[in-house]
Structure formats: C-alpha cells, structure tokens
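Read through the structure below, which is laid out as structure tokens, and then see the notes.
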Amino acid sequence: MVHNFTIYNLGTKNVECYWFDETTTDLKASTYASFYIDYLKKIIEDCPKDVVIYSDGCTSQNRNVVVSNALLLLAIEKNIVITQFFLEKGHTQMEVDSVHSIIERNLKKVVKYFCLVSTLR
C-alpha cells in the first residue's frame, strides 16, 4: 500500500508530498517526525524564523510525543520557536485537503485509463 504525507505552506502556497510504501518505512510516529524535520530544515535553512504548524488530531501522524520531541529538538538546534496547533475535532478542513482532492481526481483518471487499456488488449 502506498501512503502520502502532505505539507502545505500557507505562506508560500508550496506543497511537499512525502510518498512511501510499507516496504520502505512504516506508519509509526518516527516516520512522520522525519518528514516534518526534513521539510522544516529545508525552509529554515536560508532564513531561520519561527514556525507555526496547524495539524489535525491524528495521533500516529501529528499528536504524539515522538513528533513533539523531534520538533523541540529542531527548535533548540536552530534557536527558533516551533508552535503546533491542533484543529478541533470535526473542524479539520485545511488547505492541504485541496491537494489531496487534486491527487485523488488525477489518480482516478489514471486508473480509468489503465482499465480501458487492459480491456482493449
């Protein structure tokens, strides 16, 4: 199974998708912590400044001690403040959801195409 962890930068409107399958990594909190740290290091490398993260309440991805400790360690290393807000349950519509919608629409087109090709052969 293939998974996608998406980060949407509200300031720049840039999107970063981390695609992975379960043969390369697992769905543990440390996987998601690695994605956060990789992305944040890239954006604060040129211009170290404080960061605000808005997350849904998904425990395995966002709301856990592993991610919190990774963000804390990065904040200490880079001498910045990283604040993470969690959206209220039931009110988790975010800009990143539009990215997921576009990906899903395009994947449906690809699946439809492959179904058509396989029936023509």
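Everything in the sequence shown is counted per my numbering, starting at 125 for the first residue and increasing by one. Every residue gets a Cβ at the ideal spot worked out from N, C-alpha and C, and that includes glycine.
Exercise for the section: Tell whether a beta-carbon distance below 8 Å holds between K173 and I204. Expected result: Along the sequence shown, read from residue 1 onward, the residue named residue 173 stands at position 49. Along the sequence shown, read from residue 1 onward, the residue named residue 204 stands at position 80. Note that the C-beta distance between K173 and I204 is below 8 Å.
Of all the alpha helix (DSSP H) runs that stay within the bounds of the stretch 170-204, which reach a length of 4 or more residues? Look at the stretch 170-204 and you find these whole runs of alpha helix (DSSP H), each 4 residues long or longer: 189-202.
Margin query: For the structure I just gave you, are there three or more beta carbon pairs, one from the stretch 205-213 and one from the stretch 174-191, closer than 8 Å?
Written below: Under the 8 Å Cβ criterion, the stretch 205-213 counts as touching the stretch 174-191, having at least three qualifying pairs.
- Query: With respect to the beta strand (DSSP E) encompassing N128, which residues constitute its N-terminal and C-terminal limits?
  - Reply: For the purposes of this step, residue 128 is taken as the residue at position 4 of the sequence shown. It spans 126-132 - the beta strand (DSSP E) in which N128 sits, taken as one unbroken run.
Task: Neighbour-count burial assignment, V189, 16 or more Cβ in a 10 Å radius - done: What you label residue 189 is simply residue 65 of the sequence shown in a count that begins at 1. By the 10 Å Cβ count, V189 comes out exposed.
- prompt: How should L164 be labelled, buried or exposed, when 16 other C-beta atoms within 10 angstroms of its C-beta is the threshold for buried?
  reply: Taking the sequence shown and counting its residues from 1, one reaches residue 164 at position 40. Buried.
**Item:** Three-state secondary structure (DSSP) of T246
**Value:** Residue 246 lies beyond the range of the chain shown here (125 to 245); nothing can be said about it.
* Test item: CB-CB of V126 and A153 under 8 Å -> Residue numbering aside, residue 126 sits at position 2 when the sequence shown is read from its first letter. Residue numbering aside, residue 153 sits at position 29 when the sequence shown is read from its first letter. Contact flag unset, no.
Does DSSP put V162 in a helix, in a strand, or in coil? Position 38 of the sequence shown holds residue 162. Note on residue identity: the sequence assigns Asp, not Val, to residue 162. Collapsing the DSSP output to three states places D162 in a helix.
- Nearest residue (CA-CA) to Y156, options I131, K213, K202, E212: Reading the sequence shown from its first residue, position 32 is the one you call residue 156. Of the candidates I131, K213, K202, E212, the one whose C-alpha sits nearest the C-alpha of Y156 is I131.
Q.
Spatial neighbours of R245 within its chain, please: C-beta separation below 6 Å, excluding the five flanking residues on both sides.
A. For the purposes of this step, residue 245 is taken as the residue at position 121 of the sequence shown. For R245, the pLDDT reaches just 49, beneath the cut-off of 50, and the residue's location in the model is therefore unreliable, although a value from the coordinates is still provided. Correct list: empty, nothing qualifies.
*Look up E228 in the DSSP assignment and say whether it is helix, strand or coil.*
Counting from one through the sequence shown, the residue named residue 228 turns up at place 104. Here E228 sits in helix by DSSP.
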